[in-house]
Amino acid sequence: MKNLTYIVVLLAVALAACTNDNGEIGNYRYRTDMHTQPSFKKLEDPLPPVKNTVPVSGIEAPLRDSASAARLLNPVKWTPENADSSKFLYETHCSPCHGLSAKGDGPVAAKFQQPPDLTTDKYKRIPDGYIYYVIRNGKLIMPSYYESVKSHERWLIVNHLRTLQK
Ligand code: HEC
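If you're matching positions, the sequence shown starts at 3 in my numbering and goes up one per residue.
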């Protein structure tokens, strides 16, 4: 009788170790209350994208290096309607160092390190995707704006920079 108790306890422990949070042991579902259901749970990771597809919104695709970033096409066109937002974003995030006209003469530049003049031919030729990359990842002493400037806003800033280069 004592041995049987041991076996039952051992079996219970073994079973508990094989179950998961969804009330399943392997393919067998032993709990069917509403708590265990396929809906999203608090703090659960987002579902991974379907195999062989890439996310087009929401999740930002990882950018490996500036060379691959340079090949990105700017999906945001300059329009009279979004020009004000572009200007506002540039003046908020970039002008303290790069200056209102992007010549590298912002008030912080004097006390920091003088950034390059972004209105020169060199930067006119640089692809939109490269500038997007610099905003996202920073460059040497320039900080990354990954957190504070979202993907769509980075393209808007690129568009404003292009108008300053004219
Ligand atoms: C805190 C000051 C600061 C701010 C704010 C800042 N930058 Fe810079 N930026 C720099 C400095 C310094 C450099 C030169 C980096 C280096 O050492 O190569 C630079 C370089 C650059 C370059 C040239 C990169 C290259 O490869 O030559 C671009 C483009 C640029 N910044 C765009 C921006 C944009 C757009 C913003 C706004 C989102 C911005 N920066 C905000 C300081 C700043």
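Positions of the beta carbon are idealized from the N, C-alpha and C atoms, including for glycine.
On a predicted model such as this, the values are computed, not experimentally measured, just so you know.
Alpha-carbon spacing of residue i relative to residue j, whole angstroms
i: L158; j: T55; result: 26 Å
i: P82; j: K43; result: 43 Å
i: R127; j: L102; result: 20 Å
i: I143; j: T34; result: 57 Å
i: Y8; j: I27; result: 22 Å
i: L166; j: P50; result: 40 Å
i: M36; j: V78; result: 44 Å
i: G140; j: H100; result: 13 Å
i: F90; j: D67; result: 28 Å
i: V11; j: S146; result: 57 Å
i: P118; j: Y125; result: 9 Å
i: D123; j: I133; result: 14 Å
i: N29; j: N5; result: 30 Å
When the options are compared against residue i, the one with the closest alpha-carbon
i: P109; options: E93, F42, T34; result: E93
i: Q116; options: N29, L163, K105, N84; result: K105
i: K152; options: L163, Y32, E62; result: E62
i: A69; options: D86, P129, K53; result: P129
Same chain only: Cβ atoms within 7 Å of residue i, ignoring 5 sequence neighbours per side
i: S97; result: G108
i: P65; result: First, the residue type needs correcting, since residue 65 is Leu and not Pro in the sequence shown. Taken in chain order, the residues that qualify are A71, Y135, R138.
i: R156; result: Y134, I137, R138
i: V154; result: In the sequence as presented, Val is not what sits at residue 154; that position holds His. Excluding residues within five positions, the ones whose Cβ falls inside 7 Å are V78.
heavy atom of the ligand HEC below 6 Å from residue i C-beta
i: K152; result: no
i: I143; result: yes
i: V136; result: yes
i: Q167; result: no
i: I133; result: yes
i: Y147; result: yes
i: H162; result: no
Contact set for residue i: own chain, Cβ-Cβ below 6 Å, skip 5 residues either direction
i: L74; result: G131
i: S88; result: L158, N161, H162
i: Y148; result: R138
Beta-carbon proximity list for residue i, same chain, < 8 Å, skipping 5 on both sides
i: N84; result: V78, L158, N161
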